[in-house]
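In what follows, a single structure is set out as structure tokens and then discussed.
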Amino acid sequence: MTPSLQELLCRIAKKAVRGMHVPRHVTLPRLAYEDVVEVERYFHTNAKSLPDGRFRIELEGEFATALYWRNLAPSLGIAPEVPHEADDEFERVKLSVPECGALVDALAARDEIRRFVAKRENAGSWRKLCIGVLRRLQSHTPSPITLSQLGSDIFNDSKVLRSGPLRRQLALILAVASCAASDDEAQVFARANIEDNPYTSFVAFSAPVDLVFADGTRDDFPRRMFCRSLATQLPLATVRELAAVEGSGTIVTSENAAPFARMIAGRHPCLYTGGHPGSAVRRLLAKLAEAGVECVHEGDADLDGFVIAAEIGGCIPVTRVVASEMLRLAPPDAGIEFDDIEKKRMEAFLSSPSHRDFPYRSEIENILSRGRWIEQESFASLLSLHETPSLEL
């Protein structure tokens, strides 16, 4: 067998053992006359000459079947590839983190995750990522961490989770773990207390408070901004340096930006959560709570809105959730119909053992029965924030 024929046979056999279709036509490079003759003799066909000097042959009969080439592969030194079983990887994760078995089953049911894990080259890194993330989640209130540090902790590589397919898999794992939507990575990461960078993660608020730093220095800049109906923005790195926030009364937390802007203009003490509260938001709320400040939360009357309310309640005492009042007061046809995906999210959330004691279960059940959710921007027509106590100036 000439090297040219062997190279051609190996080329076709490798496609077959990888599960690829066997081509009906094969184009040959420019070959010596004796090489072309041997190819024709092997395939029992005539090679067609092409204008550029190459040749083409048609595979017919048994030569057109993958079975022929898979059987031939061992004699060519090509080891048959065993299809990688994604289920094996999920079982390995269960063995490493047995208490998360139900969650691993939920991950295995996600098509995007399963397709990724089914590729042999991805399996090991995914398993390592999943085990590392699940162990972190076993702490119900994991400490803040950056994507760089998380990548370093799990893979000894600070860049691996900043971008690329593993970052996407991280978002999917966290989304499934919290019954969250996976199309907004920033929100999923914030919910898990994961930040991109302590200097690019911020909290925005408008309130008559003074900041006291760890070195004893004080700054009344937020108070002066509040008096001008303006907001203050602090990066996480700055919030970490605060020893205390001095103020009293009640602050309104707003999930969405447009209502937050109206609160600032009306000089209502307020803080923007930007969806699920990130580390900067959580830390500042905790400092306000230490000063005796209480909170009224205003956000969407949907699953995420009430999850956000619960997350805020873990940082500062919440005396009122406006969305709960909205569900009691709004007519049955108020709001926006949700789709089947959102319905399944809510049902999965309520059925999860970890959410058995969720403080707003009845509100989620109410939304499910209504078939509609109500966005925060529509609250103003039914409820007024003017009854909300203000922080003392």
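For the sequence shown, counting from 1, position 153 maps to 179 in the working numbering; every step adds exactly one.
All C-beta atoms, glycine included, are put in the ideal place defined by N, C-alpha and C.
Per DSSP, P170 has no beta bridge partner at all.
Residue ranges of uninterrupted beta strand (DSSP E) with 3 or more members, entirely inside the segment 276–353 and ordered along the chain, are 276–280, 296–298, 320–324 and 344–347. Around the Cβ of Q402, a 10 Å sphere holds 16 or more other Cβ atoms; the residue is buried. Annotated three-state conformation of Q213 is helix, per DSSP. Pairwise C-beta distances place the segment 335–345 out of contact with the segment 364–381, as fewer than three of them are shorter than 8 Å.
Per the coordinates, the alpha-carbon of R249 lies some 18 Å from the alpha-carbon of C321. Taking 7 Å as the cut-off, the Cβ atoms of E84 and L31 do not count as close. With contacts defined by Cβ atoms closer than 7 Å, A144 and R96 do not form a contacting pair. Nearest in C-alpha terms to D241, of all of L160, L268 and E389, is L268. Secondary structure at I104: coil, using DSSP grouped into helix, strand and coil. When the beta-carbon positions are compared, T264 and E221 stay at least 7 Å from each other.
With contacts defined as CB atoms closer than 7 Å, A317 and V278 fail to qualify as a contacting pair.
The beta carbon of C205 is closer than 6 Å to those of R371, A374 and F375 in its chain, skipping five residues each way along the sequence. The continuous alpha helix (DSSP H) containing R140 extends over residues D137 to V143.
Residue range D366 to S377 is occupied by the alpha helix (DSSP H) that includes R371. Take the alpha-carbon of K120 and the one of R194: they are about 21 Å apart.
Restricting attention to L176, I400 and C36, the CA atom closest to the CA of V159 is found in L176.
Secondary structure of E272 (DSSP, three-state): strand.
In this structure, S232 and A257 form a Cβ contact; the two beta carbons are roughly 4 Å apart against a cut-off of 8 Å. A distance of 7 Å or more separates the beta carbons of V186 and A201. Around the C-beta of T53, fewer than 16 other C-beta atoms lie within 10 Å, and the residue is accordingly described as exposed. Counting along the chain, T258 sits inside the beta strand (DSSP E) bounded by residues T258 to P261. By the criterion of a C-beta distance shorter than 6 Å, D246 is surrounded in its chain by D236, once the five residues flanking it on both sides are discounted. Comparing alpha-carbon positions, the option among R254, R136 and L260 lying closest to G292 turns out to be R254.
Counting the other CB atoms within 10 Å of its CB gives R308 a total of 16 or more, which places it among the buried residues.
When secondary structure is reduced to three states using DSSP, H381 falls in the helix class. Pairing L35 with L102 gives a Cβ-Cβ distance under 7 Å. When E351, R288, N392 and P357 are compared, the shortest CA-CA separation from L329 is found for N392. Shown here for A92: same chain residues with a beta carbon closer than 6 Å to its own, the five before and five after excluded, namely A42 and V48 in chain order. In the three-state scheme derived from DSSP, where H, G and I count as helix and E and B as strand, V52 is classed as strand.
Using a Cβ distance threshold of 7 Å, L129 and A203 count as a contacting pair. Around the Cβ of R217, a 10 Å sphere holds 16 or more other Cβ atoms; the residue is buried.
For L98, the uninterrupted alpha helix (DSSP H) run begins and ends at A92 to L98, by DSSP. Per DSSP, the continuous beta strand (DSSP E) segment holding L237 begins and ends at D236 to F239. Counted as a single uninterrupted DSSP element, the stretch harbouring A206 is not any alpha helix (DSSP H), since DSSP gives it neither H nor E. Collapsing the DSSP output to three states places E117 in a helix.
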